[in-house]
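K.L.:
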């Protein structure tokens, strides 16, 4: 059954980038691809991209299909200015909240707890 909630409307450039990013997230063991490199260059937080994806593509099967691949044709480009991604993130959060969703861990204190990877501890657990 199709989700009847309104979706966050993204530009074709935004969707192209996010589909590349989802594919690369699912295939992280193959190395960092161009979408992940763009994410790092622009200091974007993965969880924030996930919020935008959740608001634009709430169908988990569609998210899974984008992750499994194949990746979209053509290289990704970064579709946002800093102000634009902040506005898009606020819009996505408002939409998800209006749908009755609450981000898990929102308002809770996050605790880092994991085995070190190199000299960085990588897993964030939710305490609450």
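In my numbering, the protein residues as written are 660 to 787.
Note that the Cβ used here is the ideal one computed from N, Cα and C, for glycine as well.
#1: Just mark residue 696 as buried or exposed, buried being the case when its beta carbon has 16 or more other beta carbons within 10 Å.
#2: If you pair each beta-carbon of the region 666–682 with each one of the region 710–725, do three or more pairs fall below 8 angstroms?
#3: Quick one: using the 10 Å Cβ neighbour count with 16 as the cut-off for buried, is residue 673 buried or exposed?
#4: What's the gap between the Cα of residue 730 and the Cα of residue 682?
#5: For residue 694, which three-state DSSP category applies?
#6: Taking residue 758 as part of the alpha helix (DSSP H), name the residues at either end of that continuous run.
#7: In chain order, what residues of the same chain have a beta carbon less than 6 angstroms from the beta carbon of residue 693, not counting five sequence neighbours either side?
#8: Under DSSP, the alpha helix (DSSP H) around residue 711 begins and ends at which residues?
#9: Locate the alpha helix (DSSP H) running through residue 723, then write down its first and last residues.
#10: Using the rule of at least 16 other Cβ atoms within 10 Å of the residue's Cβ for burial, across every protein chain shown, is residue 675 buried or exposed?
#11: What residue range does the alpha helix (DSSP H) around residue 677 cover?
#12: Kindly indicate which residue of 671, 670 and 687 has the alpha-carbon position closest to the one of residue 727.
P.N.:
From the atom records:
#1: Here residue 696 is exposed: its Cβ has fewer than 16 other Cβ atoms, across all protein chains shown, within 10 Å.
#2: Verdict: yes, contact present.
#3: It is buried - the Cβ of residue 673 has at least 16 other Cβ atoms within 10 Å.
#4: Rounded to whole angstroms, residue 730 to residue 682 spans 6 angstroms at the Cα level.
#5: Residue state, collapsed to three classes: helix.
#6: From DSSP, residue 758 is part of no alpha helix (DSSP H); its letter is neither H nor E.
#7: Contacts found: 734 and 735.
#8: In the DSSP assignment, residue 711 falls within the alpha helix (DSSP H) that extends over 705–715.
#9: Where residue 723 is concerned, the enclosing alpha helix (DSSP H) stretches over 719–727.
#10: Residue 675 is buried by the Cβ-count criterion.
#11: Residue 677: member of the alpha helix (DSSP H) spanning 671–685, first to last residue.
#12: Of 671, 670 and 687, the residue nearest in Cα terms is 687.
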